[in-house]
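Participant: Residue 7 in UniProt numbering sits at position 7 of the sequence shown; the count goes up by one each step and never skips.
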Amino acid sequence: MELPKLNFQETFDFKFRKDKDKFFIYDLIRKTYLLLTPEEWVRQHWIHYYLTVQSYSTSALITEKKIILNGLTKRIDLLITEKAQPKILIECKAPHIKLTEKTFEQTARYNSIIGAKEIVLTNGLQHINAYYENEQYRFFHPE
Numbered sequence: 001m002e003l004p005k006l007n008f009q010e011t012f013d014f015k016f017r018k019d020k021d022k023f024f025i026y027d028l029i030r031k032t033y034l035l036l037t038p039e040e041w042v043r044q045h046w047i048h049y050y051l052t053v054q055s056y057s058t059s060a061l062i063t064e065k066k067i068i069l070n071g072l073t074k075r076i077d078l079l080i081t082e083k084a085q086p087k088i089l090i091e092c093k094a095p096h097i098k099l100t101e102k103t104f105e106q107t108a109r110y111n112s113i114i115g116a117k118e119i120v121l122t123n124g125l126q127h128i129n130a131y132y133e134n135e136q137y138r139f140f141h142p143e
C-alpha cells in the first residue's frame, strides 16, 4: 500500500498487519488493529503526535466518540482532554480531501456539542488551527 508522507516533522513507529489484500494499522488508544484507510492514516499520526511528542497519556485521548447533532448520531475523530475536560477537537480528513470553509464549519458544529477550546481540521498535509474565544473562532499557526 502506497501511503502519502504527511506534514509532520516527526517519524512515528507504526505497527501494520496485512490480511489477504487489506492493510491494518495498530491503534494505541483502542489497542487493536484498524483498517488502514486514508483518514485513519491521518488520525494515527495525530494520536502518535499527542502521545510521543506532546506526552499525553492514552487516557487523555478519545477516538470515535459519538455525539448527537441535530438529532443525528455523528462521531468525532479525536478529542484531546485535560483533567477530563475537552481541550482540542481534531477532525481528520483523507489527504486528498480539500480543507474548505464547509469542512471547517462541520468541525465547528461538532465542537458546539463538545466545547473544546481549540480545534484542528487536518488532512495530514494541511492543518487549520483555531481557538474558540468569546463565541468566535480565531485562526492561528502553531509554532
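Glycine included, each C-beta is placed from N, C-alpha and C at the ideal position. Note that the structure is a prediction, hence the values are computed from the model and not measured.
Cα separation between glutamate 101 and arginine 43?
Facilitator: If you number the sequence shown from 1, residue 101 lands on position 101. If you number the sequence shown from 1, residue 43 lands on position 43. Looking at the two C-alpha atoms, the distance is approximately 21 Å.
Participant: Helix, strand or coil for tyrosine 56? Go by DSSP, reduced to three states.
Facilitator: As a first step, residue 56 is located in the sequence shown; it is residue number 56 there, counting from the start. Tyrosine 56: coil per DSSP, three-state reduction.
Participant: How is histidine 127 classed by DSSP in three states: helix, strand or coil?
Facilitator: Within the sequence shown, the letter at position 127 stands for residue 127. Strand, per DSSP.
Participant: How about the stretch 90-108 and the stretch 29-40: do they share at least three Cβ pairs that are nearer than 8 Å?
Facilitator: Short answer: they touch.
Participant: Taking the C-alpha atoms as reference points, what is the distance between glycine 124 and glutamate 82?
Facilitator: Here residue 124 refers to the residue found at position 124 when the sequence shown is read from its first residue. Here residue 82 refers to the residue found at position 82 when the sequence shown is read from its first residue. The straight-line gap from Cα to Cα measures roughly 23 Å.
Participant: Work out the CA separation of isoleucine 76 and arginine 109 for me, nearest whole Å.
Facilitator: The sequence position of residue 109 within the sequence shown is 109, counting from 1. The sequence position of residue 76 within the sequence shown is 76, counting from 1. If you take the alpha carbons of arginine 109 and isoleucine 76, they lie about 11 Å apart.
Participant: Note down the Cα distance separating isoleucine 62 from proline 86, rounded to an integer number of angstroms.
Facilitator: Reading the sequence shown from its first residue, position 62 is the one you call residue 62. Reading the sequence shown from its first residue, position 86 is the one you call residue 86. Cα-Cα distance, rounded: 10 Å.
Participant: If I follow the unbroken alpha helix (DSSP H) through tyrosine 110, where does it start and stop?
Facilitator: Along the sequence shown, one-based indexing puts residue 110 at 110. Tyrosine 110 -> alpha helix (DSSP H) spans 101-114.
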